[in-house]
Structure formats: structure tokens, C-alpha cells
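Student: Can you keep this structure in mind? I'll have questions shortly.
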Amino acid sequence: MSIENPSKERIKEILENAKTIAVVGLSANPERTSYQIAHRMQEEGYKIIPVNPTIDEVLGEKAYSSLAEVDEPIDIINVFRRPEHLPDVAKDAVQTNCKMFWAQQGIVNEEAYNYLKEHDFEVVMDLCIKVLHAVLLK
1 MSIENPSKER IKEILENAKT IAVVGLSANP ERTSYQIAHR MQEEGYKIIP
51 VNPTIDEVLG EKAYSSLAEV DEPIDIINVF RRPEHLPDVA KDAVQTNCKM
101 FWAQQGIVNE EAYNYLKEHD FEVVMDLCIK VLHAVLLK
């Protein structure tokens, strides 16, 4: 695989400057990793935008069925979907005003990575946003 994440310095800069995180695949179930990580990022001061067609609201925020429906600026698109779904999420991502795509730990898809890079995205794959926030910003 030819996936190369940004440097730790660049990731720190991204996290310091971001205000809004759209979380694709965010579950309303507090037992799920997506919920726990999004909740922690919300506690750290980020506005969370849930993107999941099966829920109406989570973490006190209105949920959207798709990235295309989000009507506010997005700084980071954080993805909790299986790797085979990443190409479709990437295609949705390029239709937004965001240029930062972050696939959580364990999630890698080279096709999606290459597509996003062709569309001038910064891409992080296979890293946990919560862990890097804790390590780089504390």
C-alpha cells in the first residue's frame, strides 16, 4: 500500500486549527467506539456533526443522512465505516467544502486514498483521532 499519513507536526496543526468534525458512521450507542471517540472530541471543544442515515440525533447534535446534506463548514471528515465503504465516502467528501479526510484506526483503503489525493485532500488513515489529540495536544 502506498498510503502516507501527514507528519505528526502537520496532524497537530490540523487538530489545533479544526473546530468542526463530521463523523461518518457515528453510532447513537454509547457502547460503540465511534460514539466514545466523538464524545471525547466534543468534550475537547470540537463541534461534532453526526453523519448516519439511521439516526436523527446523537450527542445533542442533529444527524445528517450524508455528507452532501451537511449545510455548515466542516474542518475534518472522520470516518467510522468499514474499508470497503471508503471509496463511496471519499466521493461524497469531495462534494463538500472540507479538504481533510480521516479514517479511524484499522480503516485503510488505497483506492479511496488515491482518489482523495487526486482531489487535493489531506488524508489520514489507520490512526485514532482521539489518541493523536491526546498525544499531540496535551
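Counting along the sequence shown from 1, when you hit position 12 you're at 12 in UniProt numbering, and nothing is skipped either side.
Cβ atoms here follow ideal geometry from the backbone N, Cα and C, with glycine treated the same way.
Pick from F80, E111 and E4: whose alpha carbon is nearest that of Q105?
Tutor: Position 105 of the sequence shown, counted from the start, is the residue given in the question as residue 105. Selected option, being the one with the closest Cα: F80.
Student: Using a threshold of 7 Å, state whether the C-beta atoms of H39 and L59 are closer than that.
Tutor: Looking up residue 39 in the sequence shown gives position 39. Looking up residue 59 in the sequence shown gives position 59. Yes, they are a contact pair.
Student: Would you call P53 buried or exposed, if buried means 16 or more other Cβ atoms sit within 10 Å of its Cβ?
Tutor: Position 53 of the sequence shown, counting from 1, holds the residue named residue 53. Exposed, by the Cβ-count rule.
Student: Is the beta carbon of L132 closer than 7 Å to that of I48?
Tutor: Here the question's residue 48 lines up with position 48 in the sequence shown. Here the question's residue 132 lines up with position 132 in the sequence shown. No, the pair does not count as a contact, with Cβ atoms beyond the cut-off.
Student: Kindly indicate which three-state DSSP category I11 falls into: helix, strand or coil?
Tutor: By 1-based counting over the sequence shown, the position of residue 11 is 11. Three-state DSSP puts I11 in a helix.
Student: Taking only the alpha-carbon atoms, compute the straight-line gap between A28 and A90 and give it to the nearest angstrom.
Tutor: As a first step, residue 28 must be located in the sequence shown, where it is residue number 28. As a first step, residue 90 must be located in the sequence shown, where it is residue number 90. Computed Cα separation, rounded: 23 Å.
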